[in-house]
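Everything below concerns the one structure shown next.
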Amino acid sequence: MNFHFTPIATDGAARAGLLHTAHGTVETPVFMPVGTAGTVKAMTADAVRSTGASIILGNTYHLMLRPGADRIEALGGLHRFADWPGPILTDSGGFQIMSLGALRTLDADGVTFRSHLDGSKHRLTPEIAVHLQDQFDSTITMVLDECTKFPSTYAETETSMALSMRWAARARAAFRPRDGYALFGIVQGGIFHDLRARSAAALTDIGFDGYAIGGLAVGEGQAMMNAMLDATVPHLPVDRPRYLMGVGTPDDLIGAVQRGVDMFDCVIPTRAGRTARAYTSRGVFNLRNARFADDTGPLDPACACPACTRHAVGYLHHLFRCEEILGPMLLTWHNIFYYQTIMKELRSAISTSTLSQRAASLRAGWAEIAEHG
Ligand SMILES: [Zn+2]
3 MNFHFTPIAT DGAARAGLLH TAHGTVETPV FMPVGTAGTV KAMTADAVRS TGASIILGNT
63 YHLMLRPGAD RIEALGGLHR FADWPGPILT DSGGFQIMSL GALRTLDADG VTFRSHLDGS
123 KHRLTPEIAV HLQDQFDSTI TMVLDECTKF PSTYAETETS MALSMRWAAR ARAAFRPRDG
183 YALFGIVQGG IFHDLRARSA AALTDIGFDG YAIGGLAVGE GQAMMNAMLD ATVPHLPVDR
243 PRYLMGVGTP DDLIGAVQRG VDMFDCVIPT RAGRTARAYT SRGVFNLRNA RFADDTGPLD
303 PACACPACTR HAVGYLHHLF RCEEILGPML LTWHNIFYYQ TIMKELRSAI STSTLSQRAA
363 SLRAGWAEIA EHG
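All the letters of the sequence shown, read from the start, carry residue numbers 3 to 375 under our numbering.
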């Protein structure tokens, strides 16, 4: 079975479809919870599955340092290691390494960096990044790219994008094709329309199983991000999945789905779950707020997750006030469940050509009683 994408329905530029992989089928648009080190933090694999999540993400940078690719391979690959037989996408490590600043040196061939854990020296090239993800047994491998820093000048962005395109071609050549496995290219080009279009065209010429849009949600703001999606998506093949990396808030997801994006990942729901921030159908709340101490109602009356159906919000508030581990566990569960619920609603709205109405009603709900910030 080849890795392939089947569109089912469209609504404007948005599309609902199926992603067929070696490890199962994924309904799109899809949100992929982030399992950085082979675990979606504070969640068991069963709990993640119970939210409706069908594919998770792992981070090559973290996994190559600890426990190491050889060890993951010897322990049966990432699927077995993490008790996740379903599809797994791994990033290439590029994004984390670029954030290391002084700890890394970039050259034309790759990047040398020091581990944030023990200062040990490591090297990543387009070929090594592909090989590591092969050892992980990742369903979807991402090419190594240079995530252009923001802000950057036009000239800097152009040079950086051109380097990423050369690396993308090398990754394509290094990738070992296997039935149901995929290699995705990554569009760069900063905030410049023509560079985004050129990057998309360069990747399409090389030919990938899917196309990611990188270098966004790095401080440019939502309006600019959406403008860059408008500049990019029309240049990508319609028969391949499109993945917006590292995005975003529920509102970001809606805007990107409306622009034709199929896949997302973001640490927001998991990180917020550990820091008492709840994403709900009525907006974002901080559960540490004293006003929740005596609240006997559910966190989100519209939500079917265990945190909402089995506990009063006063109990969740108590758990966070006491620094109990169960607080982050339940709230991460809720946030992931809520993100999956939104994606399900968007898929269903695309299928019935009611996406703009559904988007408006979701946004109206968030504005109802949300806190700001
Ligand atoms: Zn819930």
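Idealized CB from N, CA, C, for every residue including glycine.
Since we're looking at a predicted model, the values are computed, not measured.
Here Met226 is not near Ile188, since their CB atoms are 8 Å or more apart. In the structure shown, the three-state DSSP call for Cys324 is coil. Using a Cβ distance threshold of 8 Å, Ala44 and Arg276 count as a contacting pair.
In the structure shown, Cys149 adopts coil according to DSSP, grouped into three states. Beyond the five residues adjoining it in sequence on each side, Ile74 comes within less than 7 Å, by CB distance, of Leu65, Leu80, Phe83, Gln137 and Phe138 in the same chain, given in chain order.
Val42 has no beta-bridge partner at all, per DSSP.
In this chain, the alpha helix (DSSP H) harbouring Thr62 covers Thr62 to Leu67.
By DSSP's assignment, Arg312 forms no beta bridge with any residue. Around the beta carbon of Ile58, 16 or more other beta carbons sit within 10 angstroms, so the residue counts as buried. The DSSP-derived three-state label of Arg116 is strand. Under the DSSP assignment, Arg360 falls in the alpha helix (DSSP H) whose first and last residues are Leu357 to Ile371. In the DSSP assignment, Met34 falls within the beta strand (DSSP E) that extends over Val32 to Pro35. In the structure shown, His124 adopts extended strand secondary structure according to DSSP, grouped into three states. Distance from the Cα of Ala351 is smallest, within the candidate group Met3, Ala11 and Arg168, for Ala11.
Pro128 places its beta carbon 8 Å or farther from that of Ala71.
Around the beta-carbon of Pro153, fewer than 16 other beta-carbon atoms lie within 10 Å, marking it exposed.
Within the same chain, Cβ atoms closer than 7 Å to the Cβ of Asp181 are found at Met3, Asn4 and Ala24, the five residues on either side in sequence being excluded. Between the C-alpha atoms of Tyr281 and Tyr340 there is a straight-line separation of about 7 Å. Counting C-beta atoms within 10 angstroms of its own C-beta, Gln135 has 16 or more neighbours from the protein chains shown and is therefore classed as buried.
Taking non-hydrogen atoms of ligand 1 into account, the C-beta of Leu321 is found less than 7 Å away from none of them. Leaving aside the five residues that flank Gly96 on each side, the residues in its chain whose CB is nearer than 7 Å to its CB run, in chain order, Leu146, Asp147, Glu148 and Cys149. At least one heavy atom of ligand 1 sits closer than 7 Å to the Cβ of Asp302. Between Leu205 and Val259, the CB-CB gap reaches or exceeds 8 Å. Taking the Cβ of His336 as the reference point, at least one heavy atom of ligand 1 falls within a distance shorter than 7 Å.
Between the C-alpha atoms of Gly14 and Asp264 there is a straight-line separation of about 14 Å. Counting other Cβ atoms within 10 Å of its Cβ, Asp196 stays below 16 and is therefore classed as exposed. Between the segment 316–335 and the segment 285–294 there are three or more C-beta pairs closer than 8 Å, enough to call the two in contact.
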